[in-house]
Structures are given as C-alpha cells and as structure tokens.
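Numbered according to the working numbering, the sequence shown terminates at residue 337, and the numbering increases by one at each position without gaps.
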Amino acid sequence: MNVLITGGAGYIGSHAVKILLEREYNVSVIDNLSTGYIDSVDKRAKFYNVDVRDKSSVIKVLLDDHINAVIHFAAFSLVGESMKVPLKYYDNNVQGTKVLLEAMSEANVKHIVFSSSAAVYGEKTVMPITEDTLEIPTNAYGETKLAMEKMMKWADIAHGIKYIALRYFNVAGAFHTGEIGESHNPETHLIPLILQVPLGKRNNISIFGDDYDTPDGTCIRDYIHIEDLIEAHILAMLKVIDTNKSDIFNLGSGAGFSVLEMIEASRKVSEHPIKAIVTGRRAGDPARLIASSEKAERELKWIKKYNDVSSIIASAWKFHQLHKEGFSNENK
Ligand code: UDP
C-alpha cells in the first residue's frame, strides 16, 4: 500500500514515516522544510520538497506514486505564534488543507487521516474530555484545526473523501532507538525544555504558574508517547479504508500529570537536580487537559505500550543525549 505523508519532516510526521516503513508500507513524503528537518526523514521514503499549497505538485505525487491514502500532518502548531500571526496559520493550515483536499479529489484519492488537536476543545472544566464535548477553541491554532476538520466534513459529503481526525493531547517522547525525536527551533514544549537543563543548554526550567486550581498549583496535561500516537494513525488509516466512514477520535492516555510531577520524573530519569523556578502564567494555558481515549481503544482497538511518564521521558532523554544540537537542514 502506498501512503503519502504531508509534513513528514516534522516531529510527528518523521515518526510516522519511520514506523510505516517498518510495517512495509511504501511511503512518500511532502514537506516544504519550513519547520521540519530533512535529517529526520528516513532515507527509505521518497521525499519531495513540496508545499502542500502547491496543487499541481501535490497532484503529481498522488498520481505518480499511486497513493492509496494520505496522512496529513503539514501545519504550523505553535499556540503563542498563532495569536500573533493568525493569518499565517489560516494560510498554511486551512488553505493547505483546502488545496490538499482539492488535489485528492482530482487525483481520486479518497482516504485521509488528519492530525487534529485537543486545542479544538478550548477551556473545559469537566474531565476527561470526550469527542462529543463542545468545541470552543481559545486560540487561533485550535480554531484553524477545527476549521480543517469542518472542511473535511463537507469535502466528504460533496466529494466522498473519507477522513479520520485524531485530536492529540500532549505528544511526547522519541523513537525507541533514539534516532529521531522532538526537535523544534525555537523549542516551546515542556519535556525538551526540562531536558535542556541536564544537557547543559539552560540553567533552569521555568514553571509557568503555580497558582492554578490543581493539587500542586501547576498545570496538568495528558502525555502520550509518539510511538503509541503513530500506532493509532495506522489503525485509523486501516479503519477508514475498511469502513469507508469518517470519524473523530481523541488520543491521550486518560491520566494527567502536573508540570512539577514532570520535572520530578525528569530528575529521576536524568539523575540531575534540574533547577526549577516559578514564573508567571503563560497566556491561554488551561489548568487541566485530560483526554478520554475510550473511543479509540474500543473502536480502533488501540493498545498503548507506554503507560507511564517516566518511560516517555526516558525515550526523550535518550534522543536528546544522542542529538544535543537537534537536527539541521544543511543537507537539503
Ligand atoms: N510549561 C512550563 N514551562 C515551560 C514550558 C511549558 O511550565 O517552559 C507548561 C505549560 O504551561 C503547560 C505544560 O507545561 O502547562 C505543557 O506545555 P507544552 O507547551 O509542552 O504543551 P501544551 O499543553 O501547551 O500543548
């Protein structure tokens, strides 16, 4: 089976590429390398330096490589940036998805798995969050992901493109060999930032607020390992092809961990004291985000391998020790 991965040079996309190749799928990748790294793309994949908004190039790849299904990751994903330059997010995320759907329709490719986000839900008080929770995004990034989902719904009705949208909570960790992992520039995510302290790249980790209404006052998030996340994409791809029915699933662990708990777990994994200082709250951070993944477990038969945050952090620690400077695009 031939699969096209958009955004295959990004953190999540590059793991999808590697794991699909290991399962003996033929993998084609398009990525414009605006935030991704060519170094992270497995050499066995066919790589195209193509922007998802470039319709004729996308159609060419779909036809030349006889693509059967698409997994769509190409998008900007920084909440803070999305509040400063929302139109950049609409252009890349919403316009990019529009062009991709047009290209799929014209090339007669009818199945897509789509990377959505917990950010579509916004601030919620009732946990865990299920798929029928009302979506009220509180930032431009989440709003673009919801717009992309809605576009897929109408493209399904009009053009018969069947989709599964996967709403991720906090994706973390690295491929078990340490070959690839999470590398952003600038880095904004909690685990890589914590691990920069034992790596000697920063003196301390900032805790963004300790006055939230949570047991230790710091924000609680639901962390899911990247390999478990990709497994769910493969199951979703097979399901949407098999059933020819569109659907939406949350992907999380059902358990929440506070920022302080994550720092403490990282101290144990790295055997480093990791200095932490409390700073002010980060705008737009909900106190608590925990997913119900019961639907994915039941209907996709999704079974997670990483059920504790220490093993997730340990995989990230292995990657960061092997790739102290992250990835580069020097060879592009
Ligand atoms: N966080 C923090 N210090 C940092 C980075 C993040 O305290 O340097 C907190 C952030 O406020 C949130 C949690 O860690 O509560 C996870 O943040 P991240 O950016 O990794 O993911 P998000 O939940 O925003 O998608």
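Using N, Cα and C, we set each Cβ at its ideal position, and we do this for glycine too. Only a predicted model underlies this, so the values are computations on that prediction, with no experimental measurement involved.
With fewer than 16 other Cβ atoms inside 10 Å of its own Cβ, R28 counts as exposed. When the beta-carbon positions are compared, N190 and L294 stay at least 9 Å from each other. Here M242 really is in contact with V118; their C-beta atoms are around 5 Å apart, less than 8 Å. I268 sits in a helix when the DSSP states are folded into three classes. For the 9 Å CB-CB criterion, F81 and Y168 do not form a contact. For A160, there is no enclosing beta strand (DSSP E); the residue is part of the alpha helix (DSSP H) that begins and ends at A145 to H164. The ligand UDP has a heavy atom closer than 8 Å to the beta-carbon of V84. In the structure shown, S19 falls within a helical segment according to DSSP collapsed to helix, strand and coil. Residue state for R303 is assigned as helix, using DSSP reduced to three classes. Distances from the alpha-carbon of K155 to those of V125, T138, H181 and T143 put V125 closest. N255 is the residue among F52, N255, R272 and P142 whose C-alpha sits nearest the C-alpha of A301. Listed in chain order, the non-local C-beta contacts of I317 below 7 Å within the same chain comprise A177, G178, Y228, H230 and Y311, local neighbours out to five positions each way being set aside.
Proximity of the region 270 to 281 to the region 318 to 326 meets the contact definition, three or more beta-carbon pairs being nearer than 8 Å.
Per DSSP, the unbroken beta strand (DSSP E) holding L256 starts and ends at D252 to L256. Only residues of its own chain outside the window of five on either side were considered, and among them D215 and D216 have a CB closer than 6 Å to the CB of G222, listed in chain order.
Distance between D59 and E269, taken at the CA atoms: about 45 Å.
For the region 84 to 154, the full-length alpha helix (DSSP H) segments reaching 4 residues or more read 84 to 89, 91 to 94 and 101 to 112 along the chain.
Around the CB of T182, fewer than 16 other CB atoms lie within 10 Å, so the residue is classed as exposed.
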